[in-house]
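Inspection log for the structure reproduced underneath, given as structure tokens.
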Amino acid sequence: MSYLWIMRHGEAADGSPDSARPLTADGEQQASLMANRLAERCRADDAAVTRIVTSPYLRARQTAAIMGEALGVAVETLSGITPEDSPQAFCDWLVNQSGNLLMVSHMPLVGALAGLLVEGREDQGRAFPTAGIAELDADVWAAGCARLVSFTAP
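Using the working numbering, the letters of the sequence shown correspond one by one to residues 242 to 395.
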């Protein structure tokens with residue numbers, strides 16, 4: 242059994258280009274709150290995050306850096322997890338990974354990915370508020386094979 246935490250970035254400022262939008266002060270606070278919650282959860286249940294992957298967009302990288310600092314885990318950037326990227330492509334990548342992974346990305350990808358993994362359909366995903374985290378577990382990361390353990394928002 243392994244775990245996947247799917248997280249939407251914290252609140253971002255308006256601006257252009259979209260990829261360069263930074264976190265707001267509230268977004269930084271949201272990420273810090275969620276980092277502390279996830280760190281406590283991992284300590285309590287011995288289900289530590291072993292890897293963090295993030296979208297290359299600034300707001301996601303900033304959120305992931307806050308999470309990584311709290312969890313003591315380095316952050317890796319993946320180019321294929323931006324807002325409009327394919328949930329199936331991420332699943333195809335995920336099936337070959339090991340450990341417990343935290344993914345920091347964007348709507349609509351995070352919602353569609355959760356729907357694909359839990360319900361077997363991208364259109365069955367849920368809306369993620371900023372800094373929301375879905376915790377999933379599975380024996381194999383494939384469509385409809387995961388279980389939603391919890392959903393937490395700031």
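Ideal Cβ positions, reconstructed from N, Cα and C, are used throughout, including at glycine.
Here the structure is a predicted model, which is why all the values come from computation and not from measurement.
Helix, strand or coil for residue i per DSSP?
i, result
"M348", "coil"
"E252", "coil"
"S260", "helix"
Who are the Cβ neighbours of residue i in its own chain at under 6 Å, not counting the five residues just before and after it?
i, result
"D255", "none"
"S327", "none"
"G385", "G361"
"T304", "H250, G251, A272 and V345"
Answer yes or no: do residue i and residue j have a C-beta to C-beta separation smaller than 8 Å?
i, j, result
"G309", "A315", "yes"
"L264", "A272", "yes"
"R300", "H250", "yes"
"A311", "N277", "yes"
"D364", "M242", "no"
"W382", "L335", "yes"
"P370", "M275", "no"
Sorted by chain position, which residues of the same chain lie with C-beta nearer than 7 Å to residue i's C-beta, five sequence neighbours on each side aside?
i, result
"R362", "G356"
"A288", "Y244 and N341"
Note down, in chain order, each residue of its chain lying with its Cβ closer than 8 Å to the Cβ of residue i, except the 5 sequence neighbours on either side.
i, result
"L389", "A355, V359, A375, E376 and L377"
"T323", "S260, S296, P297, Y298, S346, H347 and L350"
"A353", "P328, E363, D364 and G366"
"A368", "M348 and G352"
"F392", "R367, G373, I374, A375 and E376"
### Query
Whole beta strand (DSSP E) runs in the segment 271-353 with 3 or more residues, listed along the chain?
292-295, 316-318 and 342-346
#### Entry: the segment 289-306 / the segment 337-354 touching (three or more Cβ pairs under 8 Å)
yes
### Task
Report the residue ranges of all beta strand (DSSP E) runs contained in full by the segment 356-387; include only those spanning at least 3 residues, in chain order.
374-379
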